[in-house]
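Visitor: Mind having a look at this structure? Questions to follow.
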Amino acid sequence: MNRLERKNVAYLCFIVLCTVFLSSGSLSAKSKEQIDLLQPVQATVNGINVSIDPRIELLSVVQILSTYNQNFGLMTDLDFTYRQDVLDQFSTFASHPAVTLFSKMSMKGFSYDAPPTMMLYLTNAFELDENKELDEKLVLRAGSMEQLKSFASMLKQFAADTNFQKFYLEHESFYRQMIEQVSQVLEKESYITELEEYYNIHNNSYNIILAPLHRGGGFGPRLTDAEGKNDIYSILGPVDVVEGIPVFGDKQSFDYLVWHEFSHSFINPLTEVFQNQFTQSDALFAPIAVKMERLAYSNWETALNEHLIRTITARRTLYESGQEAYEKAIKDEKRQGFFYIELLSDKIASYEQNRKEYKDFNAFYPEIVKLLNELNLQELDSSFYTMPFEGPINAALQIDGETVIIIPSQENTLVQEKITEYCMAIVNLLTHKLGIQATAIIDKEALQMDLSDKNIIAYGTVEGNLWLKAYETKLPFKITKDKIVADQIYSGNNLRLISVLPHPNNEAKSLLIYTAQEAIDILNINSVNHGMTDYVVAKNEEIIAQDNYLKDEKTWKYK
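Numbering (my numbering), first residue to last: 135 to 693.
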């Protein structure tokens, strides 16, 4: 860029800043007064305060403008008008100091639950609340108290510079629609009564903050006041959009989310109290560390809390939905790496059956300490930490160890090179975006190697991928030029099939197959929506069929 260009850019930036300054009313007393008046849009339903909080919305705007989603994938990718309104209104402020500082802080530990938790320590004027003592761990994750205060100050500046208060007030009716939708689910349930009866521990307040710009799922912070009273929060992102309005879940998902997120505020403080009584806890964490770190649980204390909460929610599934649903919940949790969950479930059953002996969960917690300390003395072999692969497709990416992508070598010469490039792009995605150790090899080489300890992803037609061809008789489907034979016959052209199966030489590992009638249809096959079932049949990107296999000890069959 030459000197004249730099001068022109500087002049343009000056004009833009002046325009922003004037349109926002500058930092006049009126602007500050408007910020001071911002209040949550909320309703109280069966003891739960449901709200859209201006503090969380302000943070969300900064997060969505930053590099946060690129690095962590924690912002929604759902398409709805409000999200576009945010981008239209605020995208010109992507270089604002609040945005750039947050991008830097998030890469140094200020991520996941830390940013929204920090916002709860601010007043609705976006200033640190002097009546709330900041959590030491939160300050550490922010880098320092000075940096945390600096970020809070920049957020307030961002709100004034962008006229955030005007944007927030203009969308109140939209916020109320989301609150009404969630309230209709909560009004039929008695979650707080059930939680407090289960733990026999009481808290000051229970709050669900809806965060429409966040990814589905949530965080469960707890704030303790000077008198030791706890305010419990669950900050939730949407899971779907219906008629332009983000949806945060149905009864089933709220059953899990409320019990899971609110339980953190019962369980986490107890673990802090008893943590010094655990012996050699690292020995229990080491075998599950890779899986836990993939879920952002980087130490034993966090992993233990998740174990306990997931155990309790699984046991609630037992009482609500029966043995089969409970066993599925246990398997799902073990598949993610929570291998101590069955032992903990058996132990916690004794708490549920002996409430006269254990007046609350605090009185019972020493039994958990005893169980895990005894477990430390046992020599648990690798079989304790493995389980047969049972699908679905998404689970293939959750298994520890290296993943090998097998590239076909016998496809049509016109597309062979493009398929190879496509497979290498998948390797790059798995490695750099999902943190999965992935490599690629040609099918000819794969046939000469022992891949029994690897998870396999095979791309290509059955005829074009020599490795798939070698295992063709073990595949439950058959593909010809005019049809795919699976659970039924699917006739036509340009048909694709995505299927996951157990590794043919190791039931604990997975084989994920991306195949099609024609080699050209391998390109961009990942654009077909898949993951929650064992197989998907599609024509181009249109799903024709999807389901799970019937499974016994040795074979997977179509229903």
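In this text, a Cβ means the ideal position worked out from N, Cα and C, and glycines have one as well.
These numbers come from a predicted model, not from an experiment.
Is there contact here, the stretch 645-657 with the stretch 676-683, by at least three beta-carbon pairs under 8 Å?
Guide: no
Visitor: Indicate whether Ala177 and Ser339 have their beta-carbon atoms separated by less than 9 Å.
Guide: no
Visitor: Roughly how many angstroms separate the alpha carbons of Ile656 and Asn546, rounded to a whole number?
Guide: 12 Å
Visitor: Which partner residues of Phe353 appear in the DSSP bridge assignment?
Guide: Ile369
Visitor: At which residue ranges does the stretch 485-554 contain complete beta strand (DSSP E) runs of 3 or more residues, listed in the order of the chain?
Guide: 537-541
Visitor: Check whether the Cβ atoms of Asn439 and Phe419 sit closer than 9 Å, and answer yes or no.
Guide: The beta carbons of Asn439 and Phe419 sit no closer together than 9 Å.
Visitor: Since I believe Arg428 is in contact with Gly569 (beta carbons under 8 Å), could you give me their beta-carbon distance rounded to a whole number of angstroms?
Guide: 6 Å
Visitor: On the three-pair Cβ rule with 8 Å, is the stretch 525-540 touching the stretch 584-602?
Guide: yes
Visitor: In chain order, what residues of the same chain have a beta carbon less than 7 Å from the beta carbon of Pro174, not counting five sequence neighbours either side?
Guide: Ser185, Ile186, Asp187 and Pro188
Visitor: Using the Cα positions of Tyr593 and Cys557, report the straight-line distance between them to the nearest angstrom.
Guide: 8 Å
Visitor: State buried or exposed for Thr413, treating a residue as buried only when at least 16 other CB atoms are found within 10 Å of its CB.
Guide: exposed
Visitor: Would you check if the distance between the CB atom of Tyr302 and the CB atom of Glu458 is smaller than 9 Å?
Guide: By the CB criterion at 9 Å, Tyr302 and Glu458 fall outside the cutoff.
Visitor: Quick one: measure Cβ to Cβ for Asn180 and Glu323, integer angstroms, because I've assumed they're closer than 8 Å.
Guide: 7 Å
Visitor: Check the Cβ-Cβ distances between Ala448 and every residue of chain D, and say whether any is below 9 Å.
Guide: Chain labels in this structure do not include chain D; a single protein chain is all it has.
Visitor: Helix, strand or coil, according to DSSP, for Glu124 in the structure here?
Guide: Outside the modelled stretch of the chain, which goes from 135 to 693, sits residue 124, for which no answer is possible.
Visitor: From what residue to what residue does the alpha helix (DSSP H) around Asn402 run?
Guide: Counted as a single uninterrupted DSSP element, the alpha helix (DSSP H) harbouring Asn402 occupies residues Lys385 to Phe408.
Visitor: Would you decide whether His566 is buried or exposed? Buried here means 16 or more other CB atoms lie within 10 Å of its CB.
Guide: Here His566 is exposed: its Cβ has fewer than 16 other Cβ atoms, across all protein chains shown, within 10 Å.
Visitor: Counting along the chain, where does the beta strand (DSSP E) carrying Glu304 start and finish?
Guide: Per DSSP, Glu304 lies in no beta strand (DSSP E); the unbroken alpha helix (DSSP H) holding it starts and ends at Phe298 to Glu304.
Visitor: Can you tell me whether Asn666 is helix, strand or coil according to DSSP?
Guide: The question names Asn, yet the displayed sequence has Met at residue 666. DSSP places Met666 in coil when its eight states are reduced to three.
Visitor: Would you report the Cα separation of Thr554 and Ala574, rounded to the nearest angstrom?
Guide: 9 Å
Visitor: By how many angstroms is the C-alpha of Asp247 removed from the C-alpha of Tyr485?
Guide: 30 Å
Visitor: From Asp269 to Leu391, what distance separates their C-alpha atoms?
Guide: 24 Å
Visitor: Can you list, in chain order, the residues of its chain whose CB lies under 6 Å from that of Tyr696, leaving out five sequence neighbours each side?
Guide: Here the chain comprises residues numbered 135 to 693, so residue 696 is not present and cannot be evaluated.
Visitor: Can you list, in chain order, the residues of its chain whose CB lies under 8 Å from that of Ser225, leaving out five sequence neighbours each side?
Guide: Leu199
Visitor: Name the residue from Ala483, Glu501, Pro636 and Ala642 whose alpha carbon lies nearest to the alpha carbon of Ser516.
Guide: Per the C-alpha coordinates, the member of Ala483, Glu501, Pro636 and Ala642 positioned closest to Ser516 is Ala642.
Visitor: Report yes if the CB atom of Tyr367 is closer than 9 Å to the CB atom of Asn402, and no otherwise.
Guide: no
Visitor: Closest by CA to Glu676, which one among Gln544, Ser387 and Asn663?
Guide: Comparing Cα positions, the closest option is Asn663.
Visitor: Kindly indicate which three-state DSSP category Lys425 falls into: helix, strand or coil?
Guide: DSSP places Lys425 in the helix class (H, G or I) of the three-state scheme.
Visitor: For Ile677, list the residues DSSP reports as bridge partners.
Guide: Ala672
Visitor: Between the Cα of Ile527 and those of Ile590, Asp365, Lys468 and Ala559, spot the shortest distance and give me the residue it belongs to.
Guide: The residue from Ile590, Asp365, Lys468 and Ala559 with its alpha-carbon nearest to that of Ile527 is Ile590.
Visitor: Return the residue from the list Leu477, Leu262 and Thr296 that minimises the CA-CA distance to Ala111.
Guide: Any answer about residue 111 is impossible in this case: the structure gives the chain only from 135 up to 693.
Visitor: Look at the alpha carbon of Leu511 and the alpha carbon of Glu406, and state the distance between them as a whole number of angstroms.
Guide: 23 Å
Visitor: Nearest-angstrom Cα distance between Asn337 and Gly362?
Guide: 10 Å
Visitor: Which residues bound the beta strand (DSSP E) around Leu621?
Guide: Going by the sequence as given, residue 621 is Asp instead of Leu. Looking at the DSSP string, Asp621 is not in any beta strand (DSSP E), and its letter there is neither H nor E.
Visitor: Could you give the residue range of the beta strand (DSSP E) that holds Asp374?
Guide: Asp374 to Val376
Visitor: What is the C-beta distance between Leu477 and Leu505, in whole angstroms, given that I count them as a contact (C-beta under 8 Å)?
Guide: 7 Å
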